[in-house]
Structures are given as structure tokens and as C-alpha cells.
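Working notes for the structure below.
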Amino acid sequence: MNNIFDLGFGQTKEEINLNQLPVQGEIPNWLHGSLLRNGPGTFIVGSQVYRHWFDGLAMLHRFQFQNGKVSYANRFLKCKAYDEAISTGKISYSEFATDPCFSIFDRVKNVFSPKLTDSAKVNIAQIDDMYLALGETPMQIQFDPKTLDSLGVYNYDKRSSRHITTVHPHFDNGGKAAYQITTRFGRISEYRILEVNKHQTPRLISRYSVKEPAYMHSFGMSPSYFILTEFPLVVYPLNILLSGRPFIENFRWKPEKGTPFYIFDRKSGKLVNVFMADPFFAFHHVNAFEEEGRLYVDLVAYPDADIIEAFYLQRIRDNNSPLPGGEFRRYTIDFESQNPLPYQTFSEENLELPRFDYSALNMNSSYQYVYGVSVNRKNPFSFYNQMVRIDLKNATSKLWFEKGCFPGEPVFIGKPGKRQEDDGVIVSIVLNETKGNSFLLVLNASTFTEIARAEIPHPVLFGYHGEFFQ
Ligand SMILES: [Fe+2]
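Residues 800 to 1269, numbered by our numbering, are exactly what the sequence shown covers, in order.
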């Protein structure tokens, strides 16, 4: 009998390369390209175990589609944190919620020269001609999409090693311009909005000083504005260095601060205005757009930051109650907004790891469908066990659920020349508890029903984000 925790939060035993996976059903002939995915490849190093879902050593996975066939490969992301873990058999770099077991001497040394992980396991992006594995520390890892081999560190805020970054860059101009927000820690810290480009020094668009910076995983972008949503999960930066606690455990929930939306003009970089919302927390912005003089910001919200606590591995194992549910919200800013900002909801279904047809409809008011994972209400569990599709125009939803199956982030791939927004497929890596392995699931994005699945021999650990590249 398999145990879903051992499968999803264990370790990947092998790096493999399979030219042709067995396929049940039919993978559409128009589907050509690679689904690249990122996430932890192991939560176990020697006799040590990482503590949180956002820890672990990164692994890349690639599913490549051609003429109805699909191949698979996986590689650990080779980096300093990986190399040292392998050579010493110990966790050697600080992660999101796990620190190495330091001696007193090492702890003092670490204050002056912190060993932050370079195991960039959160997301994948193509910026210019670079394929990057993205993490929250300054060290992003460039890799070869054909071999999945690492090509070295890329740091887009070069002058500072003491910063963190959002991991969901926004793109404009057909993907040519990429934007990120970094937080530099100091006595007075700073949020920095950057335009990132391989061939030039990153361009600083805006900077904003802050005493207690917030933990931010993503941000919003509309045609005219950057939206920096400052959740009241904040830190005194000195505590990160001196407290001896892992990174995220230095942050404190201060709901009395509310949740300000900082609106920056994209052209001038100037702060246009700040609007206050009641306190809430989010990892993911979904989309943002402007219509009739108003700005709309879509995101997945939680009443507080308890969702971070809920991802400690021990709590997932021990807890029989479902994860806190993320609520899809649309905040409206009419620029004469009264505080707190109003918002609208669209579905009783919760959502996390939200996706939509970004390449066609980012910053576009007409987008209608958002896809994600959530916990099935009839089968409550301490981790995501279904996929959901929310129709924002009709406030309806569709679910994909199969007992014993745990789907990862759903990625939308549009059919070439499509006329309907949802003419395409959803692909997701699904962990199958019964069989003890994973499969790539292909759904019709419109009906949200299965059209094909391709099994791989091993389980893919619970991961985060990925991207499809033609
Ligand atoms: Fe994310």
C-alpha cells in the first residue's frame, strides 16, 4: 500500500530519459513542444528531512510532445546546494523554512555571509534566449531545455546578494520585456521593480523604501501600471540575520497594517497612488486589466498567512482537515476609491496555483477562464486533490477529480488558430497513490474531461510551476 505523503514528499530515486511513453487515449496531433516543470526532487538528504513544501532540492521535468507522442526526462538542478548536499550527505544551505544544523561557529559566519539556497525550484521562465529555473533567492539558474543541464547562476539584481525576488515575472511586447520585483534588505529596505534582459544590465524602473518589507511571491501588471500588493506578513530584516530561525519564520502577521495596493506608473516608474484593502494574504496574482478608467486586480486570497503554516510537512501528515482554501477575488480600483478596496468573488470553489491563457489574454479584460488546483469538498484532505476551472463571466465551475489522484498545476495550451478562449488542452502531472507513480494528464480545456494520459514509472513529487514552450 502506497502512502501519498511518502510519494509526494519523499525523494526521486532516478534521473531517467524515456523516448516514448505509453499513452491511453489520444494526444492531439497539433500539440508540439515541451512542458517544462520545476519543483522539489527530494525532501530527504542523508538522514535529514526538509520541513516545508517550499524546501527541498530542485528537479526539472520535461514532457515533449510530437505527432501524438510524448517523451519524458527528469534531472536534478545542479547547483551549489545540490552538490554540497550530495557530497556531504547533509542539508547545507538555508531554505524557505529549513536551515542547516549549524555549529555556533558556522552560525556566526553565516550572519556575515549567509548560505542562501541556489536550488531554484519554484518556476520556469524564458527571458530573452535564456531558460531560467526561478527561485526566491538572488540566484536564478540558467539551464539547457534540451538536456536539462544547468548552465550557471544568473543574478538580475547583481549589486546585492541580500535580496529576495518574486518568482512570477510578467512579460510584455510579445515576451521581449520581462519584469520582476525584488526586495533588498537593509536598515531601510527597498522594493525594486526591474526590467530584466539577458544582454543588458537590468533597468531599475521604480524603487520604494520600506522599514518592514512584506513577503511577496508575485505582483500584478496592467497595460499602464505595476501593482505591488503588500500583504501584512512582514519582517524586521535584521531578524533574518540574527534570529537563528529559518527565513520565513522571521516574518510576522500584522493585520493592523491592512493590505496596501501600491500603483506604479509603468512609463515613468512613479508611484501614482496607494489604496488600502482589508488585511489578506496571497501568493498569486492572476491577471490585471483596465476598463473605463478603472483598474481590476485578480488574485487568489486568504484571510491570513496560515496557508504557509499549513504547508509544513508534519502538519500535512498529521492534519486531517483540508488546507485553507484560496479565494479568487477581483479587486476594483476606480482611482477615487474609498478605503477599504471592494472586491468581487466568482465561485464557491477554492483555487490555488492559478493559470489562464496568459500569452493571449494577459492584461486583457475579456479573459473568462481560470484554472487551478483545490481540495475536493466531498473528499476533504490536507493537500490538493482536484483541478478546478472557474468561468468568470458566468460564475460557474467545473471539476476534475479521481479518487487517489493528486494533480499539480494545470497549464493551458491553446490550439493554434483557436477562436474560443478555451479551445485547447490542460496538462497536469498527477500523482497516483494507488499505483505509486505519476502520469501526465491531458484534459479538453473546454469540457474539462480527460482526453489522454501518459504514465511514467516513478512518482513526481508535489511541485509548483511550469511552462509550455513551442
Ligand atoms: Fe507561485
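Even for Gly, the Cβ is constructed at its ideal location relative to N, Cα and C.
Those residues which DSSP pairs with residue i across a bridge
i	result
D1064	Y1024
E1266	L835
L817	Y871
G1171	V1187
F862	L834, Y871
V848	I843
T897	Its beta-bridge partners do not exist; DSSP assigns none.
Y1130	V1096, Y1142
G1341	Absent from the structure is residue 1341, since the part of the chain shown begins at 800 and ends at 1269.
L806	None, per the DSSP bridge assignment.
V822	A1253
R1176	DSSP lists no partner for R1176.
T1058	A1076
L915	S893
A857	P839
R1154	Y1170
A1013	V1033
Heavy atom of ligand 2 within 7 Å of residue i beta-carbon
i	result
F1082	Judged by which ligands are present, ligand 2 is missing from the structure shown, whose ligands are ligand 1.
heavy atom of ligand 1 below 7 Å from residue i C-beta
i	result
L966	Sequence check: residue 966 is Val here, not Leu. Yes - ligand 1 has a heavy atom lying nearer than 7 Å to the Cβ of V966.
V1033	no
N1161	no
V1241	no
V1085	no
H969	no
V921	yes
S1017	yes
Y1263	yes
For residue j and residue i, the rounded distance between their alpha carbons
i	j	result
A1087	D1133	13 Å
T1233	N1178	16 Å
Y1101	G1125	5 Å
M938	Y1157	25 Å
Y978	K920	19 Å
C900	R850	13 Å
H967	N828	30 Å
F842	F1211	28 Å
P944	L933	14 Å
R1128	S846	42 Å
E814	E1091	52 Å
Y1024	K1056	23 Å
S1181	F1110	9 Å
R991	Y1007	7 Å
T964	R983	9 Å
K1010	I980	17 Å
L1094	E1135	11 Å
D1222	K879	42 Å
Q999	F1145	42 Å
P839	Y1263	8 Å
R1116	F804	7 Å
I890	R1218	50 Å
E1108	R1114	8 Å
L1138	I1004	Note that residue 1138 is Asn in the sequence shown, not Leu. Rounded to the nearest angstrom, the two C-alpha atoms are 27 Å apart.
Under 8 Å between C-beta atoms of residue i and residue j
i	j	result
D1103	F1080	yes
L817	F1267	no
R874	L947	yes
P1209	R1154	yes
K868	H1257	no
I923	N837	yes
N1236	I1255	yes
T1058	E1089	no
K997	D917	no
F1247	R1188	yes
F808	F1046	no
V1096	L1150	no
- Query: Enumerated in chain order, which unbroken segments of the beta strand (DSSP E) with a length of 3 residues or greater are wholly contained in the stretch 1070-1111?
  - Reply: 1070-1076, 1080-1090, 1093-1101
**Item:** Segments of 3+ residues assigned as beta strand (DSSP E) that fall wholly inside the stretch 923-1007
**Value:** 929-933, 939-942, 949-953, 962-964, 969-971, 976-983, 988-995
query: Which runs of the alpha helix (DSSP H) fall wholly inside the stretch 1191-1263 and span at least 4 residues, in chain order?
result: none
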